[in-house]
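Q: Got a structure for you, written out below as structure tokens; questions coming shortly.
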Amino acid sequence: MTTRLRPRPSAAKSPAVILVAIAGGSGSGKTWLATSLHRRLRPHAGLISLDDFYRDLSHLPLARRARTNFDSPAAIDWRLFATLLRALAAGETPILPRYDFARHNRAARVRRWRRKRIVLVEGLWPWAQPHLRRLFALRIYREADPDLRYERRLRRDVRHRGRTPESVDHQWRLQVEPMFTRHVAPQRRTADVVLGARVTPAELAALARRIRRLAA
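Following my numbering, the residues of the sequence shown are numbered contiguously, the last one being 225.
Quick look at the structure:
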């Protein structure tokens with residue numbers, strides 16, 4: 010059953026909220042960067058993942074859901090994502106979806122957002138759609154060597170998602186890298202900040218300071 014998700018308006022007017030996007034290919038280290046910034050910016054920042062906005066596939070048999078190309082932006086519910094981004098930017102406290110990757114559909118359990126001054130949004134394509142680009146006060150792109158990204162993806166999917174090395178390799182060649190080239194990499198051109206595979210503590214601290222200044 011699909012859960013209907015509607016923004017809940019906040020009770021009172023508050024200072025403006027800023028949205029910060031963190032993009033990059035699978036295995037680039039974008040999630041590590043997002044969680045590291047989140048730790049530095051707490052309690053004033055919250056973190057959401059574009060992964061939670063994959064379309065609900067509960068109407069399909071499980072075997073068919075598993076064949077979905079989750080490395081294509083077509084798998085995302087962009088209308089819901091845009092609606093909730095605008096609600097967050099307006100200082101509202103919407104109910105956010107969660108995604109169940111084991112069953113490839115939207116989880117019954119949702120997330121109740123508590124208002125934060127800074128909203129960090131991480132994922133493969135947070136600003137790939139031009140009409141969403143202007144919503145972000147800062148756009149950060151994380152890049153890494155393809156071999157390194159492949160190794161990280163292989164390790165993650167085998168250890169945590171029950172995949173075989175053969176299936177990971179097959180998916181990488183047929184879906185992950187073609188979709189990266191077509192949809193993820195072009196975001197680099199419109200990024201405000203581009204970070205490589207290695208981010209030093211000093212670079213992380215400087216980036217956190219920049220975000221704090223934007224939110225001041």
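Where is the CB? At the ideal position from N, CA and C, for every residue including glycine.
Is any heavy atom of the ligand HEM found at a distance shorter than 7 Å from the C-beta of A225?
A: Among the components of this structure there are no ligands whatsoever, and the ligand HEM is therefore not found.
Q: I think I149 touches V208, with their Cβ atoms under 8 Å apart; what is that distance to the nearest whole Å?
A: I149 to V208, Cβ: 10 Å. No contact.
Q: Measuring CB atoms only, is the segment 25-39 touching the segment 188-204, in the sense that at least three cross pairs come out at less than 8 Å?
A: yes
Q: Which two residues bound the contiguous alpha helix (DSSP H) that contains E160?
A: P155 to H169
Q: DSSP state of V29, grouped into three classes?
A: strand
Q: Under DSSP, the alpha helix (DSSP H) around V177 begins and ends at which residues?
A: P174 to Q180
Q: Throw me the rounded Cβ distance for the R112 and L71 pair, which I believe falls under 8 Å.
A: Yes, R112 and L71 are in contact; Cβ-Cβ is about 7 Å, under 8 Å.
Q: Need the endpoints of the beta strand (DSSP E) that E152 sits in, please.
A: Premise fails: E152 is in no beta strand (DSSP E) and is neither H nor E.
Q: Mapping DSSP to helix, strand and coil, what is D80?
A: coil
Q: Checking 8 Å against the spacing of the C-beta atoms, do E160 and S58 come in under that value?
A: no
Q: Report the partner residues of A54 according to the DSSP bridge assignment.
A: DSSP lists I127 as partners of A54.
Q: With DSSP as the reference, label D60 as helix, strand or coil.
A: helix
Q: List the endpoints of the continuous beta strand (DSSP E) containing L204.
A: V202 to L204
Q: What whole-angstrom Cβ distance do L97 and P106 have, given they're in contact under 8 Å?
A: Not really, about 13 Å apart at Cβ, beyond 8 Å.
Q: Between which two residues does the alpha helix (DSSP H) carrying H140 extend?
A: P139 to R142
Q: Measure how close the beta-carbons of A217 and L42 come, nearest whole angstrom, since I'm counting them as under 8 Å.
A: With a Cβ gap of about 11 Å, A217 and L42 do not count as contacting.
Q: Buried or exposed: M10, going by 16 or more other Cβ atoms within 10 Å of its Cβ?
A: Any reading at M10 needs caution, since the residue's pLDDT is 37, under 50, leaving its predicted position unreliable; the model's value is listed next. Exposed is the call here.
Q: Mind checking which residues open and close the alpha helix (DSSP H) that includes I220?
A: P210 to A224
Q: Just the Cα atoms here: how many angstroms apart are R118 and R64?
A: 15 Å
Q: Taking just the CA atoms, how far does R170 sit from T92?
A: 30 Å
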